[in-house]
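If you use numbering that gives the first Met the number 0, the sequence shown corresponds to residues 0 to 341, in order.
Ideal placement from N, C-alpha and C gives every residue a C-beta, glycine not left out.
What follows is one structure encoded as structure tokens, with my remarks underneath.
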Amino acid sequence: MLVHYKCPNCGADMEFDSASGHLACDSCGHEEHIDTYDDVNISQSFEEDEAKEYHCENCGAIVLTDADTTATSCSFCGAGVVLADRLSGELAPAKVIPFTISKEEAMEAFKKWCKNGRLTPKGFMTADRVKNITGMYVPFWMYDLDNDVDVKATGTKVRTYRRGDYRYTETKYYRVHRDIDISYLKVPVDASEKMNDELMDKIEPYDYNKLEDFKTPYLAGYLAEKYNYTDDELFDRVKAKIQGFMDTYIASTIRGYSSVSYQQKNIRTKKANSYYVLLPVWMVYYDFDQQEHTFAMNGQTGKIVGKPPLSYSKAALWFSSIAGGSFVLFKAIAMMLGGDLL
0 MLVHYKCPNC GADMEFDSAS GHLACDSCGH EEHIDTYDDV NISQSFEEDE AKEYHCENCG
60 AIVLTDADTT ATSCSFCGAG VVLADRLSGE LAPAKVIPFT ISKEEAMEAF KKWCKNGRLT
120 PKGFMTADRV KNITGMYVPF WMYDLDNDVD VKATGTKVRT YRRGDYRYTE TKYYRVHRDI
180 DISYLKVPVD ASEKMNDELM DKIEPYDYNK LEDFKTPYLA GYLAEKYNYT DDELFDRVKA
240 KIQGFMDTYI ASTIRGYSSV SYQQKNIRTK KANSYYVLLP VWMVYYDFDQ QEHTFAMNGQ
300 TGKIVGKPPL SYSKAALWFS SIAGGSFVLF KAIAMMLGGD LL
């Protein structure tokens, strides 16, 4: 079932406006607050097909989507539509962070970011080669995790001292035991098989205090996808994601030693809670040198991640200038000390 959000003033399609946080009509300028807009109750379940056809209620055209799409736009009339039957039951997100950056703001931020690339090819910085920019709600699982940590280690303290003509080194060994409870709240892991995991990890963080209860009008005018992996299937990945943070915290509790050798580090991670959320991402597709480069922008904070092309000539020049500058610095120091460099 396709869901359109019609303007009660003029009957045109309404879309979510990132500036006001309301549904807005481009035709007459009317706005509707999402909390007071009539909600759509869908009882029909979604069948896991390769693709599915929907009829656009706006122009009558057939909208063909893949099995993962939950919000899109009609290819004929451009109306933003939400596939509400794919957002019901177990497929319904619990929370959403709405877009706060508009498409125009995203485009300007990306162009500014490109110009800061000192080692990118000249054409990349100056040419307008954006192929497409798409606002997308990416599915994430968010976890609250409780960790029971049991650590056994050996710490050493080394003291060096002189007595007469002799120099002594004294090493003392200490048994170290830590029993720690560590909790992490709102740890996100993207649940879409289409999205690059590394890209989605780097686009964080979001301001999770801005999570809103999910309502379908937030998706109007944007693309959105449903999750491909359940929270149980991604549990190992979220455990791996917090491993580095736990190691750092454990190390911070064992201080004052010259060295620490771990004999045992048992970590038992339990899922206290998990919930399905949609987070805003601007996907930027950029053509350069007959290749397409993909960048992602946090739709709430504006943070941009991606790998721009590298100009090897600029990189070589930069490296040689750094090396030359270091040589000049060392030469000046040597001259002040009364010597010289060969």
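According to DSSP, is Ser260 helix, strand or coil? strand
Please return the same chain residues whose Cβ sits closer than 7 Å to the Cβ of Gly20, not counting the five positions on each side in sequence. Pro97
Assigned secondary structure, Tyr284 (DSSP; H/G/I helix, E/B strand, else coil): strand
Would you kindly report the start and end of the unbroken beta strand (DSSP E) that includes Ser17? Note, Ser17: premise wrong, no beta strand (DSSP E); not H, not E.
By how many angstroms is the C-alpha of Thr252 removed from the C-alpha of Val259? 12 Å
Quick one: what's got a C-beta closer than 8 Å to Arg161's C-beta in the same chain, skipping five residues either side? Same-chain partners within the cutoff: Tyr167.
Look up Phe139 in the DSSP assignment and give the residues it is bridged to. According to DSSP, Phe139 bridges with Asp189 and Val276.
Hey, would you say Gln262 sits closer than 8 Å to Thr153, going by beta carbons? yes
Only counting the same chain, and skipping five residues up and downstream in sequence, which positions put a Cβ closer than 6 Å to that of Lys171? Lys156
Going by beta-carbon coordinates alone, are Gln299 and Thr133 separated by less than 8 Å? no
For Gly243, name the three-state secondary structure that DSSP assigns. Looking at Gly243 - three-state DSSP - the assignment turns out to be helix.
Could you work out which residue in Val129, Arg174 and Phe15 is closest to Met282 when comparing CA atoms only? Val129
Residue nearest to Ala271 in terms of C-alpha spacing, selected from Leu278, Gly301, Val237 and Leu144: For the residues Leu278, Gly301, Val237 and Leu144, the minimum Cα distance to Ala271 belongs to Leu144.
Where Ile96 sits in the DSSP three-state scheme: coil
Reduced DSSP category for Arg387 - H, G, I as helix; E, B as strand; rest coil: In the structure as shown, the chain begins at 0 and stops at 341. Residue 387 is therefore absent and cannot be evaluated.
For Lys5, which residues does DSSP report across the bridge? Asp12
Specify the secondary structure class of Tyr228 as computed by DSSP and reduced to three states. coil
For Tyr217, count neighbouring Cβ atoms within 10 angstroms of its own Cβ and tell me buried if that reaches 16, exposed if not. Residue environment: Tyr217 is assigned as buried (16 or more neighbouring CB atoms within 10 Å of its CB, all protein chains considered).
Tyr142 to Tyr274, Cα distance in whole Å? Going from the Cα of Tyr142 to the Cα of Tyr274 covers about 7 Å.
Quick one: give me the first and last residue of the alpha helix (DSSP H) that Phe109 is part of. Lys102 to Lys114
Backbone CA spacing between Ser101 and Lys185 [nearest angstrom]: 25 Å
Can you check whether the CB of Met106 is closer than 8 Å to the CB of Tyr221? no
Count the other C-beta atoms from every protein chain shown that fall within 10 angstroms of the C-beta of Thr215, then say buried if there are 16 or more, exposed otherwise. buried
Whose C-beta lies closer than 6 Å to the C-beta of Val237 among residues of the same chain, with five residues either side of it excluded? So the qualifying residues of the chain are Tyr142, Val186 and Val188.
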